Every structure is written in structure tokens, then in C-alpha cells.
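**Q** Here the sequence shown stands for residues 9 to 267, numbered as in the numbering used here.
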Amino acid sequence: MDPSLERPIFVIGCPRSGTTLLRLMLDSHPRISCGEETHFLRDLASTVGLHWPLLETYGFPRSYWIERIRRFYAGFQADYLARRGKARWAEKDPTYTLLLPFVDELFPDAQYVHLLRDAYDVVASFRDRWGYRSALRVARGEWARYVRAGRDFGERLPPGRYHELRYEALVEDPEPALRPLLMFLGEEWDPVVLRFQEAPHDATERYTRFTAERRREGGDDGAVYRSRVGAGRRELDPILRAVVRREAGPLLSELGYRP
Numbered sequence: 009m010d011p012s013l014e015r016p017i018f019v020i021g022c023p024r025s026g027t028t029l030l031r032l033m034l035d036s037h038p039r040i041s042c043g044e045e046t047h048f049l050r051d052l053a054s055t056v057g058l059h060w061p062l063l064e065t066y067g068f069p070r071s072y073w074i075e076r077i078r079r080f081y082a083g084f085q086a087d088y089l090a091r092r093g094k095a096r097w098a099e100k101d102p103t104y105t106l107l108l109p110f111v112d113e114l115f116p117d118a119q120y121v122h123l124l125r126d127a128y129d130v131v132a133s134f135r136d137r138w139g140y141r142s143a144l145r146v147a148r149g150e151w152a153r154y155v156r157a158g159r160d161f162g163e164r165l166p167p168g169r170y171h172e173l174r175y176e177a178l179v180e181d182p183e184p185a186l187r188p189l190l191m192f193l194g195e196e197w198d199p200v201v202l203r204f205q206e207a208p209h210d211a212t213e214r215y216t217r218f219t220a221e222r223r224r225e226g227g228d229d230g231a232v233y234r235s236r237v238g239a240g241r242r243e244l245d246p247i248l249r250a251v252v253r254r255e256a257g258p259l260l261s262e263l264g265y266r267p
């Protein structure tokens with residue numbers, strides 16, 4: 009089938025919520041190609057948004073630029089699909105969570121997979137990766153901003169276009185989490201998605217090397233860190249825990265997490 013006729017897939021969620029793991033699992037599927045983040049749409053969103061007064065001087069309507077962006081982006085993805093012998097493209101980029109109206113303007117038939125993770129664990133992951141200040145910023149409201157942006161957008165979509173998935177379910181028992189996801193996407197189940205570490209990913213095989221390094225370091229099934237579920241509640245200092253509880257507590261309760 010012509011890749012341009014296949015519905016695109018966007019994996020969204022707050023950064024450090026496991027979107028990279030999910031993208032590797034999806035990329036292992038024989039029909040789906042989910043490459044590394046390009047940031048293309050994030051950068052182009054400001055071109056037709058914040059910087060529109062400059063673009064407008066060329067005399068073309070907004071619809072012209074939207075179509076140009078759509079053709080460029082879909083064309084590059086189609087070329088990548090052809091190189092890999094796959095049929096359908098997906099993109100994982102957490103920053104798109106805050107740009108969903110623009111993304112949907114480009115691809116009005118797209119399907120969205122929103123990965124949710126306990127705020128305490130997201131904050132702990134930010135602390136481990138980027139330090140205390142980044143963790144504090146996320147605790148103060150960034151986690152909630154991403155989660156609400158994704159959910160509010162999803163509520164406005166018709167059935168069959170938005171699916172929520174819990175990080176905890178994905179890492180603790182992947183198959184029961186992935187089967188409904190693939191059904192939502194209209195794709196057949198294939199157990200190869202459970203063996204994502206064995207599949208080739210990307211032209212440079214960056215993540216093949218990444219997961220191999222994690223296994224050598226004693227990682228839990230490569231990139232699947234079941235041991236990190238609940239780590240934030242165990243490891244965060246009292247200040248960070250208090251900030252998360254104050255700023256994210258109500259939304260955590262709404263999602264069924266312990267505040």
C-alpha cells in the first residue's frame with residue numbers, strides 16, 4: 009500500500025515517560041517504522057505560529073505552508089519506509105504533546121498513543137539524567153502540563169484516534185499492554201515486538217548498541233527497567249516529594265496513581 013495512504017502514528021507523553029521504549033517496540037513490528045526524534049514539526053510549528061508575520065510577507069496563505077510541510081514530512085517518512093521495507097510510519101517525540109493541534113492540522117487522520125507514567129518516577133528520571141534543577145522544574149508543573157495537554161486533546165478526538173498506555177503496565181507485563189495497542193492501531197499482533205532488543209533500529213543501529221551496553225551494565229532486559237517503577241517514591245528527597253505531591257497530586261489521583 010502507498011505509505012501516504014496509511015494513517016500516521018504519533019507517540020506522545022511527558023519526557024522520561026518511556027516513549028523511547030515504546031518507539032523501539034513499535035519499530036520492531038514488521039509493518040511499522042518508528043525512527044528517532046526529528047524535531048521537524050516542533051521547529052516548523054514556530055515558523056507558521058510565532059514567526060507567521062515574517063512568513064506572511066511571501067504572500068502565500070497559511071494553507072499553502074501547511075500543505076508544503078505535510079508533503080515534506082510525509083515524503084521523508086515514505087522514503088525511510090521504502091528503505092526499510094515497511095508500510096506505515098510513526099514518530100515518537102514528547103515535545104509534540106504540546107503541539108497537538110498543529111500536528112493534527114497536518115495529519116487529520118493520525119492516531120495518537122499517549123504514554124503515562126507516575127510523576128514521582130518521571131521526576132526521579134529527570135534528576136538522574138539532567139540534575140536537580142530539571143527535576144524541580146518538572147515537579148513544579150511540567151509533568152502536569154504535558155499530561156493535561158495530551159489528555160485534553162484526546163478527549164476532543166473521535167473514537168479510534170487516541171489511546172492511553174501506562175508505562176508501568178508496559179514494563180511489568182508488556183504483552184497485555186501491547187496487544188490492545190496494536191488492535192487500536194489496526195495492526196496484527198506479532199510477538200517480535202516483545203523481542204525489540206533483537207531487532208535492527210535506525211540506519212546507524214544506535215539503539216542496538218545502546219541496549220547491548222545496558223545489558224552489559226546489568227540492565228533489566230535491556231531498556232525495560234521494571235526496577236524503576238516506584239523508584240521516585242523511594243529515592244526522591246523530601247523537598248521533591250513534597251513539590252510533586254502539591255503540584256501533581258490531584259492529577260495523579262485522577263489518573264489512579266497514589267498522590
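Idealized CB from N, CA, C, for every residue including glycine. Keep in mind that this is a model prediction, so the values were computed, not measured.
Between H171 and G21, which are expected to be in contact by the criterion C-beta below 8 angstroms, what is the C-beta distance as a whole number of angstroms?
**A** That belief does not hold up - the Cβ atoms of H171 and G21 are roughly 12 angstroms apart, past 8 angstroms.
**Q** Using only the alpha-carbon positions, how far apart do G162 and R169 sit?
**A** Straight-line Cα distance between these residues: approximately 8 angstroms.
**Q** Nearest to L259 by CA position, among A127, P188, P167, F134, is which residue?
**A** If we check each option's Cα against that of L259, A127 comes out closest.
**Q** Under the three-state reduction of DSSP, which class applies to A259: helix, strand or coil?
**A** Looking at the sequence itself, residue 259 is Leu, so the reference to Ala does not match. In the structure shown, L259 sits in a helix (DSSP, three-state: H, G or I).
**Q** Would you mind stating whether R50 and T103 have Cβ atoms separated by less than 7 angstroms?
**A** Cβ distance < 7 angstroms, so R50 and T103 count as in contact.
**Q** What number of angstroms, rounded off, separates the C-alpha of E14 from the C-alpha of L193?
**A** So the alpha carbons of these two residues sit roughly 11 angstroms apart.
**Q** Determine the burial state of M33: buried for a count of at least 16 other Cβ atoms within 10 Å of its Cβ, exposed for fewer.
**A** Classification of M33: buried, given that the 10 Å Cβ count is 16 or more.
**Q** Using three-state DSSP, classify W60 as helix, strand or coil.
**A** Three-state DSSP puts W60 in a helix.
**Q** What ranges does the alpha helix (DSSP H) occupy inside the segment 101-127, keeping only unbroken runs of at least 4 residues that lie completely in it?
**A** Entirely contained in the segment 101-127, the alpha helix (DSSP H) runs reaching 4 residues are, in chain order, 108-114.
**Q** Does the segment 37-53 come close enough to the segment 97-113 to have 3 or more Cβ pairs within less than 8 angstroms?
**A** Yes: at least three Cβ pairs fall under 8 angstroms.
**Q** Comparing alpha-carbon positions, which option in F68, F48, P109 lies nearest F84?
**A** For the residues F68, F48, P109, the minimum Cα distance to F84 belongs to F48.
**Q** What are the start and end residues of the beta strand (DSSP E) that includes S41?
**A** Note, S41: beta strand (DSSP E), 40-43.
**Q** Return the bridge partner residues of Y170 from the DSSP annotation.
**A** DSSP output for Y170 lists Y120 as bridge partner(s).
**Q** Can you tell me whether DSSP reads A152 as helix, strand or coil?
**A** Helix, per DSSP.
**Q** Excluding sequence positions up to five away, which residues of its chain have a Cβ less than 6 angstroms from the Cβ of R174?
**A** Correct list, in chain order: L124.
**Q** Looking at E150 and R234, is the spacing between their C-beta atoms short of 7 angstroms?
**A** No, they are not a contact pair.
**Q** On the criterion of 16 or more Cβ atoms from any shown chain inside 10 Å, does G158 qualify as buried, or is it exposed?
**A** G158 should be labelled buried.
**Q** Compare the beta carbon distance of V131 and V155 with 7 angstroms and say whether it is the shorter of the two.
**A** No, they are not a contact pair.
**Q** Three-state secondary structure (DSSP) at F18?
**A** Strand, per DSSP.
**Q** Taking the CB atoms as reference points, tell me whether I247 and Q119 lie closer together than 7 angstroms.
**A** Result no, Cβ atoms of I247 and Q119 do not sit closer than 7 angstroms.
**Q** Is A95 helix, strand or coil when you go by DSSP?
**A** Coil.
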